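Numbering (my numbering), first residue to last: 216 to 614.
Ideal placement from N, C-alpha and C gives every residue a C-beta, glycine not left out.
This one's a predicted model, so the numbers in the text were calculated from it and none came from an experiment.
Worksheet for the structure shown next.
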């Protein structure tokens, strides 16, 4: 966590709508990082991070989809991975020990990290993913690059992958040999750039002069935590909706004040299949229980509800949701129906539906045209190492 979060002065928000995405993002990054990174270096990192658009698509007068999937791997995690890769590339200069980046993934983190860190000098990336529990195209994205990108296919769940990463960090032998760091959202460098699009989206919707609420499809809760950090910087977001699938430990906490981690359950929104979210610790650091309930509303939905929503939104708006975006839309729609007030609502559409083409096509009953970047993966050869979920086996692989 940052030692402190200094909010912008209130007049900062009066003209954010006039700024480019890159200019606004740079100001947010400087506010959080200060002088830790030279301004010209940070500006270059930001420019390379946000060199693609974040369109807002209106579905209803007060419902907007924030499309975060226009980067190279078609998922919101491109923001975090590209920013973090830029930071690591800068910090690797002059280091005597190899930097080893560890990343547990349930899908999109791995592909974004692999793309963002590919050929970054002085950095080796090891991606741990649960065998059989990511979509085929996601798996191809994170296993076909080679070079400094290594993929370990773990016989277990995402929670096993996350546990192994944490155990590797605590191992004294490895810490003496390597500079270990993470590309998961436990690394603050991932969350800083995820604040950027909250500012950018809010700036575009501020013209309606209504309270803004945002629904965040949530698994490990890094994306929502980034939104809360944006709010601590002064961004006037009225409410967050923590929208989950049946892995609902945080919505349960918000309703009962009891946090009960448990093994994750597999769903069609697999990137959110997390039973013990790491970033819940950050939320507890940012809030007391009572304060958290004021700012965050928890919602959870079944696979059947997710599929029904994908069908109804496609039929009504001719808009194709991926399963995670559908959960976000559901959370927002349910909140708007309950609150009854005049608000502007946005939900984060975190991945291109083509990344989950099997689920989307099965749900909608029609074939979809894949973006070229995904279509081209089909002929590439998967390169991964199968490993058990035992820590001793995984440690031996690092070398």
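Exposure of residue i, with buried meaning 16 or more beta-carbon neighbours within 10 Å
i, result
"residue 573", "exposed"
"residue 514", "buried"
"residue 254", "exposed"
"residue 504", "exposed"
"residue 399", "buried"
"residue 568", "buried"
"residue 541", "buried"
"residue 475", "exposed"
"residue 311", "exposed"
"residue 368", "buried"
"residue 385", "exposed"
"residue 212", "In this structure the chain extends from 216 to 614, so residue 212 is not present and cannot be described."
"residue 607", "exposed"
"residue 244", "buried"
"residue 354", "buried"
N-terminal and C-terminal residue of the beta strand (DSSP E) that residue i is part of
i, result
"residue 530", "Segment 518-532 is the alpha helix (DSSP H) holding residue 530; no beta strand (DSSP E) there."
"residue 248", "Premise fails: residue 248 lies in the alpha helix (DSSP H), 236-248, not in any beta strand (DSSP E)."
"residue 515", "511-515"
"residue 289", "Counting along the chain, residue 289 falls outside any beta strand (DSSP E), and DSSP gives it neither H nor E."
"residue 282", "278-282"
Residue i in three-state terms, based on DSSP
i, result
"residue 472", "coil"
"residue 502", "coil"
"residue 345", "strand"
"residue 407", "helix"
"residue 615", "With the chain represented from 216 up to 614, any question about residue 615 goes unanswered, as that position is not in the structure."
"residue 572", "helix"
"residue 507", "helix"
"residue 223", "coil"
"residue 585", "coil"
"residue 558", "coil"
"residue 536", "coil"
"residue 319", "strand"
"residue 251", "coil"
"residue 421", "helix"
"residue 566", "strand"
"residue 229", "helix"
"residue 591", "helix"
Limits of the unbroken alpha helix (DSSP H) element including residue i
i, result
"residue 254", "254-264"
"residue 598", "Unbroken run through residue 598: none, as it is neither H nor E."
"residue 275", "First-last for residue 275: 271-275, but that is the beta strand (DSSP E), not the alpha helix (DSSP H)."
"residue 218", "Careful: residue 218 lies outside any alpha helix (DSSP H) and carries neither H nor E."
"residue 606", "606-613"
Whole-angstrom C-beta distance between residue j and residue i, which should lie under 8 Å
i, j, result
"residue 246", "residue 223", "6 Å"
"residue 490", "residue 464", "7 Å"
"residue 437", "residue 419", "Contact flag wrong, Cβ pair sits at about 23 Å."
"residue 566", "residue 290", "4 Å"
At 4 residues or longer, and completely inside the stretch 427-484: list those alpha helix (DSSP H) runs for me, N to C.
Within the stretch 427-484, the complete alpha helix (DSSP H) segments of 4 residues or longer fall at 437-447, 464-471, listed in chain order.
Complete runs of the alpha helix (DSSP H) confined to the stretch 335-395 [at least 4 residues]
Residue ranges of uninterrupted alpha helix (DSSP H) with 4 or more members, entirely inside the stretch 335-395 and ordered along the chain, are 351-358, 373-385, 387-392.
Secondary structure, beta strand (DSSP E): runs of 3+ residues fully inside the stretch 292-316:
Unbroken beta strand (DSSP E) runs of no fewer than 3 residues, entirely contained in the stretch 292-316, are not found.
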